[in-house]
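Remarks on the structure that follows.
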Amino acid sequence: MNSTGSNAPQFSRRSLILIVAGLLTGLLLGALDQTIVATAAPRIIVDLNGLTLYAWVFSAYILTQTVSMPIFGKLSDLYGRRKFLMLGLLIFMGGSALSGAAQDINQLIIFRAIQGIGSGAFFPIAIAVAGAVFPPAQRGRIQGVFASVFGMSAVLGPTAGSYIVQTLSWRWIFYVNLPLGVLSIAFLALALKESRDSTAKPVVDWLGVTSLTAWITFFMLGFLSGGTSFGWYSWQEVALFGSAIFFFALFMIVERRALEPIVPLGLFKIRTISAATSVAFLTGVSMYAVISYVPLFVQAGLGGTIDDGRNVLYAFMIPLVIGAVFAGQLSTRSAGYRQVLSVGLVVLCAGLFLLTSINSSSSFTQVMEDGAVMGLGLGTTFPVVILAVQYSVPRRQIGIASSLAQFTRNLGGTIGLSILGALQANAFGARLTTVIQQIPSQYQHQAAAFFGDPNAVGRVLASSTELQKAETAFPQVPWATIVPELRSAFALSVTPIFWVSLGFAVVAVVAGVLVKGSFREQVAARDAIMAGEARPEMKPPPIPITEQSPGAQKQAQRPT
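Going by this note's numbering, the sequence shown opens with residue 651, and the numbers climb by one from there.
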């Protein structure tokens, strides 16, 4: 059934309630994933012996989610949203079931990538369905309800992760998705009618997707294997980074020629969009770094419990939500984008600078306070970036512009985690060699294999049970003095993550200064354009971008 124009499907009140319930349940699953997994991640690496590949648990999910969003969005327009919405949920549930059953860290990374594909399918289609089934007057309210899901996940995620791990097992943070996923599918199956735009003829940019995925994957492999699996100047590293450069160049060429590019490069000619998406990319690095590494720092570096890790995440996420709400209100009422962004980014830099000073002797309160400052600043940037991007393009391009903001933030997180993960792994491995020297010489050879393995040491630092096993296995080791040294080594290996994130945030401050205009100015310009009264300097670019690409021009010249 078509969902366009006057042929839009009509739904009863009962059906609308079921549809909203199904969409919200599905969105909550995806929104909870990052915080609930981050809380449980230290326990996961203990069981799966995976400290050196820790960043991949998050990066694999973000990568596949990022590249699958535009694919499934376009396929759903062509073949129907209902079937692809449910397919996305099924893929996510399948990835969740497999993740819960993973027997080693490599399996978990692969299964997390499957989860990401399902999430990337569900999220954009759910938003599109909401826009299709509700009349324009109600869409703003519904989108507000959807936005609240992400705020709710910031509160529920750490608590749910902590509770499930302590009462059941970390595997249940994945298994719990199954009944909720079934519930979401049931609601949607009962009420949602098939819908698609019968006039749309979307073309999936398969070559763009493939080259993008290959570029990021080789880039990540290069950083995460450098200094650990291979030497930085080895032929393997040269091959990995050379492949990344090749596929990046191919991606840029493909996107310039694609009929419907996955990343519409022409939009970056608009200064506000290029500046705002740069902010999204650069702040994405720090956001995913903190969510991923701070809970691990609390447990391995400070000797805290999973509840302590949960509390630190709370201290970061709750101010983030508050900052987002406040900045959204301020931006739409009076303040210009540049002013709000500048304040938020400076606060973000201040929070990251404070985090650079934490070490193994820091208190949980200090980490929470520093994280709260960072979260407040980071949250301030979210609504400003979205508003600046959305209102810099004609109405017909709001969807693609909005997705570009999320795409660049995820891309920043994916690339940033690969760099920061490599930095932490190399720094920790190097510091362990110093700790070994403090073991009595007659026992160094016996203990060298254990202390030379960052995964083994990570298990000891993140679990009191594993520490007891190590004390039994190596009774000659002076554990009372060695454990504080190990925690210090781990804490100092995490500190560079905050320094590098701070560097990205400083560049984001510069990019934020380049964001022009305000919400009121852009709305007035758009209204004037609609009324045919706009001044030339007020007009956004008169495009769709795809019609300016060489591929689009050729398509337009073909006989119909």
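Beta carbons: idealized from backbone N, C-alpha and C, even for Gly.
- Under DSSP, residue 1057 shares a beta bridge with no residue.
- Rounded to the nearest whole angstrom, the CA to CA distance from residue 811 to residue 823 is 6 Å.
- Taking all protein chains in view, the Cβ of residue 663 is surrounded by fewer than 16 other Cβ atoms within 10 Å, so the residue is classified as exposed.
- Rounded to the nearest whole angstrom, the C-alpha separation of residue 892 and residue 871 is 12 Å.
- In the DSSP assignment, residue 938 falls within the unbroken alpha helix (DSSP H) covering 921-946.
- In the three-state reduction of the DSSP assignment, residue 986 falls in the strand class, which pools E and B.
- Contact between residue 685 and residue 808 holds: their C-beta atoms lie close to 6 Å from each other, under 8 Å.
- For residue 1020, the enclosing alpha helix (DSSP H) covers residues 1014-1040.
- Inter-segment contact for the stretch 1146-1153 and the stretch 927-945 is present: three or more beta-carbon pairs are separated by less than 8 Å.
- Setting aside the 5 residues that flank it on each side, residue 676 is surrounded in the same chain by 739, 772, 776, 834, each with a C-beta closer than 7 Å to its C-beta; the list follows chain order.
- If only uninterrupted alpha helix (DSSP H) runs of at least 4 residues are considered, those enclosed by the stretch 821-904 are 822-825, 827-841, 856-875.
- Cβ-Cβ distances below 6 Å link residue 1058 to 927, 930, 931 in the same chain, with the five nearest sequence neighbours on each side left out; the list follows chain order.
- Nearest C-alpha to residue 687 among 1146, 1018, 806, 1013: 806.
- Ranking 1007, 1001, 1010 by CA distance to the CA of residue 1025 puts 1001 first.
- As the crow flies, the alpha-carbon of residue 965 is around 11 Å from that of residue 944.
- Residue 749 and residue 758 have their alpha carbons spaced roughly 5 Å apart.
- Counting along the chain, residue 1147 sits inside the alpha helix (DSSP H) bounded by residues 1129-1163.
- In the DSSP annotation of this structure, the continuous segment of the alpha helix (DSSP H) that includes residue 1112 starts and ends at 1104-1112.
- Within the same chain, Cβ atoms closer than 8 Å to the Cβ of residue 949 are found at 692, 955, 956, 958, 959, 1111, 1112, the five residues on either side in sequence being excluded.
- By the criterion of at least three beta-carbon pairs nearer than 8 Å, the stretch 1069-1083 is in contact with the stretch 704-724.
- In the three-state DSSP reduction, residue 1010 falls in the coil class, being neither helix nor strand.
- Of the residues 679, 732, 1010, the one whose Cα lies closest to the Cα of residue 783 is 732.
- For residue 733, the secondary structure class from DSSP, reduced to helix, strand or coil, is helix.
- Close CB contacts of residue 1039 within its chain, under the 6 Å cut and outside five residues either way in sequence, are with 923, 926, 1051, 1055 (chain order).
- Here residue 831 is not near residue 769, since their CB atoms are 8 Å or more apart.
- The DSSP-derived three-state label of residue 769 is helix.
- DSSP places residue 961 in the helix class (H, G or I) of the three-state scheme.
- For residue 688, the enclosing alpha helix (DSSP H) covers residues 663-698.
- Within the same chain, and ignoring the five residues on either side of residue 734 in sequence, the residues whose Cβ sits closer than 7 Å to its Cβ are 722, 725, 726, 771, 775.
- Shown here, residue 724 sits in a helix according to DSSP, grouped into three states.
- Out of 1036, 1080, 991, the CA that lies nearest to the CA of residue 1162 is found in 991.
- A direct Cα-Cα distance of roughly 10 Å separates residue 860 from residue 867.
- By the Cβ rule, the stretch 1009-1022 counts as touching the stretch 1130-1148, because three or more pairs are nearer than 8 Å.
- Between residue 672 and residue 828, the C-beta spacing is not below 8 Å.
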